[in-house]
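Encoded as structure tokens, the structure appears first; notes follow it.
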Amino acid sequence: MKAGRQGGFSLIEVMIVVVVVGILASIAYPSYRQYLARGYRTEARVLMMELSQQAGQLYSARGDYTVFARCKDASCAAGERGGDALYMVQFEASGAHAYTIRATPTARFNRGWADDACAGTTLTLSQTGRRDVDGGSGDAATCWQR
């Protein structure tokens, strides 16, 4: 008579699966975090471009950037998750014919994404369309393209 063999996985097989899953997760997680950081930065850039377009329309009508009030006294937030913004966007009119829009990463972004290439870097956009950065470790080409 043949003894019945019980089916199932051995401990070695289970451990091999755990190791494989761990390796895959260690590869995927950093890529996922970079994807999130780029997404939040894109949200800030989109808000900056919207502000630039609105300011340009108002300038065409009135010939003055100082009357544009959106995000002037109070900052606009970008990348909000649960009321906690990752970027603060400000419109700063420097005279009637010039402005700068700044997207500054908040402490929450810098703390959560300190390993990002553009962590701590403020994005700037002028009335001429010049895209630049202030502070941080990123350069304009990297931070505006990613």
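One gets this note's numbering by counting positions in the sequence shown from 1 and adding 2 to each.
Don't be surprised by glycine CBs; every beta carbon is placed ideally from N, CA and C.
Predicted model, so just to flag it, every value in this text is computed and none were measured.
Item, Value
"Does the pairing of the region 97-112 with the region 123-131 give three or more beta-carbon distances under 8 Å?", "yes"
"Rounded to whole angstroms, what's the CA-CA distance from I18 to I29? Just pull it up for me.", "17 Å"
"Apart from the five residues just before and just after V135, which ones in its own chain have a Cβ nearer than 7 Å to its Cβ?", "T123, T124, L125, T126, D141, A142, C145"
"CB-CB under 7 Å to R110, same chain, minus the five flanking residues each way: which ones, in chain order?", "D86, L88"
"When burial is assigned at 16 or more other CB atoms within 10 Å of the CB, is E15 buried or exposed?", "exposed"
"State the DSSP-derived secondary structure class of A87, mapped to helix, strand or coil.", "coil"
"Go through its chain and collect everything with a Cβ distance to S139's Cβ below 8 Å, but skip five positions before and after it.", "A119, C120, A121, G122, T123"
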